[in-house]
Amino acid sequence: MLEEELLSFLVVHKVIEMDEDYHGEPTAKMRSQCLQWITRLANDYPVILKKGIEKDQCNRCGAGKQYIHWVSCARCKQQCGYCERCLLMGKCRSCTRLYLFPLIEGDSSSFYTNSTTNIHLPTLTKFQNDALEKLIEFYQEPGTKDFLLWAVCGAGKTEVIYPLISLARKRKHKVLWATPRRDVVLELAPRLQKVFTDTAIAVLYGGCENRWSNGDIVLSTTHQALRFYHCFDLVIIDEIDAFPFHNDPMLPYVVARACKERGKTIYLTATPRESLKKRIKRGWKDSRFLPHYKLPVRYHGFPLPVPKIQLESKLGKRMKEINKIPVLESFLNRLRDERHPGFIFLPSVQALPQVKKYILKQDPYWDGRLEMVHASDPLREEKVMAIRKGEIQVLLTTTILERGVTIPRISLLVFQADAPIFDEASLVQIAGRAGRSAQCPTGEIIFLAEDITRAMKGAIGQIKEMNRLARKKGYLNY
Ligand SMILES: [Zn+2]
Ligand SMILES: [Zn+2]
Numbered sequence: 001m002l003e004e005e006l007l008s009f010l011v012v013h014k015v016i017e018m019d020e021d022y023h024g025e026p027t028a029k030m031r032s033q034c035l036q037w038i039t040r041l042a043n044d045y046p047v048i049l050k051k052g053i054e055k056d057q058c059n060r061c062g063a064g065k066q067y068i069h070w071v072s073c074a075r076c077k078q079q080c081g082y083c084e085r086c087l088l089m090g091k092c093r094s095c096t097r098l099y100l101f102p103l104i105e106g107d108s109s110s111f112y113t114n115s116t117t118n119i120h121l122p123t124l125t126k127f128q129n130d131a132l133e134k135l136i137e138f139y140q141e142p143g144t145k146d147f148l149l150w151a152v153c154g155a156g157k158t159e160v161i162y163p164l165i166s167l168a169r170k171r172k173h174k175v176l177w178a179t180p181r182r183d184v185v186l187e188l189a190p191r192l193q194k195v196f197t198d199t200a201i202a203v204l205y206g207g208c209e210n211r212w213s214n215g216d217i218v219l220s221t222t223h224q225a226l227r228f229y230h231c232f233d234l235v236i237i238d239e240i241d242a243f244p245f246h247n248d249p250m251l252p253y254v255v256a257r258a259c260k261e262r263g264k265t266i267y268l269t270a271t272p273r274e275s276l277k278k279r280i281k282r283g284w285k286d287s288r289f290l291p292h293y294k295l296p297v298r299y300h301g302f303p304l305p306v307p308k309i310q311l312e313s314k315l316g317k318r319m320k321e322i323n324k325i326p327v328l329e330s331f332l333n334r335l336r337d338e339r340h341p342g343f344i345f346l347p348s349v350q351a352l353p354q355v356k357k358y359i360l361k362q363d364p365y366w367d368g369r370l371e372m373v374h375a376s377d378p379l380r381e382e383k384v385m386a387i388r389k390g391e392i393q394v395l396l397t398t399t400i401l402e403r404g405v406t407i408p409r410i411s412l413l414v415f416q417a418d419a420p421i422f423d424e425a426s427l428v429q430i431a432g433r434a435g436r437s438a439q440c441p442t443g444e445i446i447f448l449a450e451d452i453t454r455a456m457k458g459a460i461g462q463i464k465e466m467n468r469l470a471r472k473k474g475y476l477n478y
């Protein structure tokens with residue numbers, strides 16, 4: 001590695017770990033070179049050196065006592081703690097040295113950031129523009145640190161964020177886009193690069209090759225965001241409700257660590273959890289108040305399809321005994337007759353083969369037209385692709401497909417929708433799969449259950465409320 005390159009790498013305010021067993025870069029030689037450089041830099045740079053684990057706390061991810069395990073360490077030959085919570089990034093131990101490079105205010109940022117000139121922004125709808133205006137207002141206003149964009153499934157929130165990033169880049173600001181899911185990182189990376197053609201974009205996720213790469217825009221999974229220290233002017237946290245350990249103080253830790261002191265954070269979600277909903281309801285004088293904007297309509301301007309509740313008794317028993325379940329049957333018959341694709345959401349992996357068996361016994365038409373999918377299914381992506389291509393017609397799935405999947409003309413049924421795993425957010429996300437294309441903006445969504453739960457009512461209430469708000473704002477196209 002060239003000295004200059006190394007220097008620029010060090011000065012991007014990363015957290016650098018030494019004595020770690022890296023899978024990829026850097027090599028042992030580079031590591032020792034790095035160490036030498038850090039030592040030299042430390043003379044005129046305010047580098048902070050910390051132990052990986054200190055006083056029952058992880059200095060990398062902020063985890064407390066319950067995550068720290070003490071073992072006799074093969075490397076330091078002592079009782080040495082390591083953190084279980086951020087294990088995905090490699091072991092952070094007592095004998096790991098963390099070098100934190102904080103930002104020096106007034107540091108010429110041009111040193112490491114290149115200018116962005118070629119930007120190809122998509123055209124926004126009126127409602128997307130209204131949301132963008134609020135985001136820009138927030139970004140330019142000193143004081144407020146964070147903001148929530150509550151955008152319905154299919155609103156095109158990613159497109160709303162592009163112009164904001166563009167604004168940040170024109171000011172030579174550095175941007176972090178963190179998302180809990182690796183597949184979102186992989187899907188978003190080429191889209192982002194198409195918009196910002198000449199900008200260096202670093203893509204980081206667990207197991208990726210180029211962990212040491214540097215970019216003016218960093219796209220990463222949440223854990224990887226812990227590699228940065230007071231580095232970004234704009235931090236975007238996507239799908240904040242799907243964040244791992246959402247009841248855990250890790251998220252505030254990640255944000256506080258990666259964001260510059262005067263930086264800004266934007267949270268994106270279609271289904272905020274209670275803690276965020278409480279914060280947006282507080283008065284603006286309250287320090288916990290979270291400013292927010294609701295984007296209540298999809299990019300195509302049609303209202304969100306509203307789920308229907310259908311009740312039947314003894315669903316589990318009837319399933320096992322292959323005893324008629326009329327709602328499920330008529331749902332499948334409609335799919336068969338109208339040649340529509342369908343998702344049937346089930347509360348557990350165990351239920352998948354049962355329901356499959358039931359359906360095949362009831363109607364041999366489905367033989368070869370139906371597949372099952374769950375989180376640890378190695379063929380998950382292939383099966384989603386198969387339904388997209390029309391090679392299969394129905395997927396029986398756990399909640400794993402509740403997010404991120406878009407299939408035109410899809411119909412949805414949630415079997416045993418009163419099961420505890422289907423909380424309000426989950427049901428709103430599931431319903432959000434229907435009617436996403438402009439060619440077919442409607443879609444059937446059935447909650448099949450024995451009882452009506454608060455989650456079912458809440459989800460339907462939330463969807464209707466967004467439609468009402470969209471109508472009030474004059475956003476609906478029809
Ligand atoms: Zn940790
Ligand atoms: Zn050790």
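Residues 1 to 478 (this note's numbering) are what the sequence shown spells out, left to right. Every residue gets a Cβ at the ideal spot worked out from N, C-alpha and C, and that includes glycine.
If you count every other CB in all the chains shown that lies within 10 Å of the CB of residue i, and 16 or more means buried, which is it?
i: Phe49; result: In the sequence under discussion, the amino acid at residue 49 is Leu, which differs from the Phe named in the question. So Leu49 counts as exposed.
i: Glu133; result: exposed
i: Met385; result: exposed
i: Lys389; result: exposed
i: Glu402; result: buried
i: Asn59; result: buried
i: His481; result: In the structure displayed, the chain extends from 1 to 478; residue 481 sits before or after that span and is not available.
i: Asn333; result: exposed
i: Trp177; result: buried
i: Val306; result: exposed
i: Arg471; result: exposed
i: Pro190; result: exposed
i: Thr442; result: exposed
i: Asn129; result: exposed
i: Leu379; result: exposed
i: Arg169; result: buried
i: Asp367; result: exposed
i: Arg85; result: buried
When you compare only the Cα positions, how much space is there between residue i and residue j?
i: Leu476; j: Leu226; result: 41 Å
i: Phe147; j: Cys231; result: 19 Å
i: Lys51; j: Cys92; result: 9 Å
i: Leu219; j: Val185; result: 7 Å
i: Arg369; j: Asn323; result: 22 Å
i: Val71; j: Cys83; result: 11 Å
i: Ile452; j: Trp150; result: 26 Å
i: Ala258; j: Gln416; result: 41 Å
i: Arg318; j: Ala63; result: 46 Å
i: Tyr293; j: Glu424; result: 20 Å
i: Thr397; j: Asp377; result: 11 Å
i: Arg97; j: Ile53; result: 9 Å
i: Tyr518; j: Gln57; result: Not covered by the structure: residue 518. The range shown for the chain is 1 to 478.
i: Val394; j: Arg298; result: 25 Å
i: Glu261; j: Asp233; result: 8 Å
i: Ala351; j: Pro364; result: 20 Å
i: Leu164; j: Arg468; result: 28 Å
i: Leu448; j: Lys314; result: 11 Å
i: Ser275; j: Asp337; result: 44 Å
i: Cys80; j: Asp238; result: 35 Å
Report the three-state DSSP secondary structure of residue i (helix, strand or coil).
i: Ile322; result: coil
i: Ile392; result: coil
i: His69; result: strand
i: Arg339; result: coil
i: Thr222; result: coil
i: Ala168; result: helix
i: Phe127; result: helix
i: Lys55; result: coil
i: Asp107; result: Confidence is the limiting factor: at Asp107 the pLDDT is only 48, short of 50, which leaves the residue's position unreliable, though a coordinate-based value still follows. In the structure shown, Asp107 sits in coil (DSSP, three-state: anything other than H, G, I, E or B).
i: Tyr358; result: helix
i: Gly154; result: coil
i: Phe345; result: strand
i: Gln78; result: coil
i: Tyr99; result: strand
i: Gln310; result: strand
i: Lys91; result: coil
i: Ile452; result: coil
i: Phe302; result: coil
Taking only beta-carbon positions, decide if residue i is within less than 8 Å of chain D.
i: Lys278; result: Among the chains of the structure shown, chain D does not appear; only one protein chain is present.
At a cut-off of 7 Å, is residue i close to ligand 3 when judged by its beta-carbon and the heavy atoms of the ligand?
i: Cys83; result: The ligand content of the structure shown is limited to ligand 1 and ligand 2, which means ligand 3 is not among them.
At least 3 beta-carbon pairs within less than 8 Å: the segment 428-444 vs the segment 289-296:
As far as the Cβ criterion goes, the segment 428-444 does not touch the segment 289-296, which means the pair count is below three.
Any 3 or more C-beta pairs closer than 8 Å across the segment 402-410 and the segment 433-453:
Result yes; three or more Cβ-Cβ pairs closer than 8 Å.
Taking one C-beta from the segment 324-339 and one from the segment 355-366 each time, how about it: are there three or more such pairs within less than 8 Å?
The way I'd put it, the segment 324-339 does touch the segment 355-366; three or more beta-carbon pairs between them come closer than 8 Å.
Inter-stretch contact (C-beta, 8 Å, three-pair minimum) for the segment 119-130 and the segment 187-198
Yes: the two stretches touch, three or more of their Cβ pairs being nearer than 8 Å.
Start-end ranges of the alpha helix (DSSP H) lying completely within the segment 365-447, minimum 4 residues
Within the segment 365-447, complete alpha helix (DSSP H) segments of at least 4 residues are found at 380-389 and 424-431, given in chain order.
Across the segment 341-349 and the segment 466-475, are there enough close Cβ pairs to call them in contact, namely three or more that are closer than 8 Å?
Fewer than three pairs of CB atoms, one per stretch, sit closer than 8 Å, so the segment 341-349 makes no contact with the segment 466-475.
Unbroken stretches of the beta strand (DSSP E), 3 residues or longer, contained in the segment 245-299:
The segment 245-299 contains these whole beta strand (DSSP E) runs: 259-269 and 292-295.
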